[in-house]
Amino acid sequence: MEEMKYRPAVRHANIDYSHGMFFVTVQAAFNKTIFGAVVGTKSVLSELGEAVADSLRTLGERHPGSEVVDFVVMPNHLHAILRIARRQDNRKHQLGYVIGQFKGWIAKVYRDLRAAGRAVNVGDTPWQRDYREKLVTTEEKLQAFRRYIQLNPAKWSSDRFGPMTSYALGNIALLNKRFVGFVASQGVCACELKPRLLWRRKAGAETRHPEHKQTEVVISTFTSAQERAVLGKLLMRGRRFVRIHPGGIPPREALEPAVVRACELGSGLLISPVPFGTGLNKQRAMRCNEYVLKQASEVWAGTITPGGTIASLVKALGTWGTGGEARHPDVGGEVRRPAPSHLDAGCALTKN
């Protein structure tokens, strides 16, 4: 049997971890966005993220003398202020024990959800191996940490992204047209593409654009295999599109010739919040997909991975043909198509 390697302690030697108040940060495995998505200024949680939040709320019931003062669950990590009272039966490293029990419970929930196909597969555990903590010693520090927690979702986007149209190539006038959005998760073969109508905002779309088949523009990041397959069909049919580049618009020589030609002819537009060379960033990609869902009057989808970021965004922004008031009932799984209407025949994703 292979000998287990010694792992040095990462806690501070001068801190008493048997009791006190601590600001704790726990990271998701591989920094994957498995707990939900930030939409606007709010963190919208996946089923796994909701389990994390519920476990934090009820932590004191499982560990008497422990209390979560405040917390926030973000797409790929959580912050919590944990107060541990002084008790005779506390362990020397009570903080680590409580966090370990919490992480273990969520790992079990994750494995159950993964087995049921309702959580993104990131391996055996949803957590990175350790956690980070800071000792809270004054009221001023406590309030500062609470403000940090409360503002974390709002700062998630504002600290990272510029306007989506900071950089553009092609026909900028396409931004004034009626958008049909398309989203699909990564890691799914294009051969499985079967576009489904997620929602349509009624809100006068028909009266604003009576010739909708001539005015609609398909908008997407066109990054996943199924999204690229849709782009290929649009290019082949000469349909109009807006493509969002989360990592910046490549130079012309690096773009597909058909895309460059569409931009030159006025049927294509490429936009990005960052210059080329910035690199692909998961959080920025989420923001770009959020832009697609918010701008589109009609949204179609390929395969959506349950518990993934697209599923979380649809959960937050999805409507059921009521102008934004009703949530879509099948987020993350098979999407039921609404009753047929005259608009279906004109969808840019399925018809010439």
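Positions 1 to 352 (the working numbering) are the ones given, in order, by the sequence shown. For each residue, glycine too, the CB sits at the ideal point set by N, CA and C.
Whole-number beta carbon distance between residue j and residue i, since they are thought to touch under 8 Å
i, j, result
"A29", "V122", "5 Å"
"N50", "R118", "Before going on, a small fix: residue 50 reads as Glu here, not Asn. In fact, because the Cβ distance is near 11 Å, the residues do not count as touching under 8 Å."
"A229", "T303", "With 8 Å as the limit, A229 and T303 do not qualify as a contact, their Cβ atoms being about 11 Å apart."
"V44", "G36", "5 Å"
"I244", "S272", "7 Å"
"Y17", "G96", "6 Å"
"Q27", "Q101", "Contact flag wrong, Cβ pair sits at about 18 Å."
"A296", "V180", "6 Å"
"L56", "V68", "5 Å"
Counted within 10 angstroms of its Cβ, other Cβ atoms place residue i as buried (16 or more) or exposed
i, result
"I15", "exposed"
"L265", "exposed"
"P257", "exposed"
"L151", "exposed"
"A285", "buried"
"N176", "exposed"
"R11", "exposed"
"E139", "exposed"
"E61", "exposed"
"E290", "buried"
"A13", "exposed"
"T322", "Low per-residue confidence applies at T322: pLDDT is 35, beneath 50, and the placement is therefore not dependable, though the value from the model is reported in the following sentence. Flag for T322 reads exposed."
"R337", "Bear in mind that a pLDDT of 32 at R337, under 50, signals an unreliable position, so the number given afterwards is only what the model happens to contain. It is exposed - the Cβ of R337 has fewer than 16 other Cβ atoms within 10 Å."
"K108", "exposed"
"P153", "buried"
"A301", "buried"
Where the alpha helix (DSSP H) through residue i begins and ends
i, result
"V52", "47-57"
"A107", "94-115"
"L313", "309-317"
"M286", "282-295"
Run of the beta strand (DSSP E) containing residue i, from where it starts to where it stops
i, result
"L78", "77-84"
"L135", "132-135"
"L269", "268-272"
"V359", "No answer is possible for residue 359: the residues shown for the chain start at 1 and end at 352."
"F22", "20-27"
"L169", "167-170"
"V299", "298-301"
"V38", "36-39"
Distance between residue j and residue i (C-alpha atoms, nearest Å)
i, j, result
"K134", "A80", "11 Å"
"G247", "H19", "45 Å"
"A53", "S66", "16 Å"
"A144", "Y167", "37 Å"
"G332", "D89", "Residue confidence is low: G332 scores 33 on pLDDT, short of 50, so the model does not pin down where it sits. Its coordinate-derived value is still stated next. Cα to Cα, the separation comes out at about 44 Å."
"S312", "R287", "12 Å"
"M373", "A262", "Because the chain is modelled from 1 through 352, residue 373 falls outside the range shown and cannot be assessed."
"Q283", "A225", "19 Å"
"N405", "V120", "For residue 405 there is no data in the structure shown, the boundaries of the chain being 1 and 352."
"G204", "R178", "Only weak support exists for where G204 lies, its pLDDT of 43 falling under 50; the value from the coordinates is given anyway. Their backbone Cα atoms lie some 12 Å apart in a straight line."
"T221", "L231", "10 Å"
"T207", "V39", "Note that T207 scores a pLDDT of 37, beneath 50, so its modelled location is shaky; the value from the coordinates is reported in the next line. Cα to Cα, the separation comes out at about 29 Å."
"E192", "G307", "19 Å"
"P195", "G238", "19 Å"
"D130", "T305", "27 Å"
At what residue ranges does the stretch 184-261 contain a whole run of the alpha helix (DSSP H), taking only runs of 4 or more?
205-208, 212-215, 225-237
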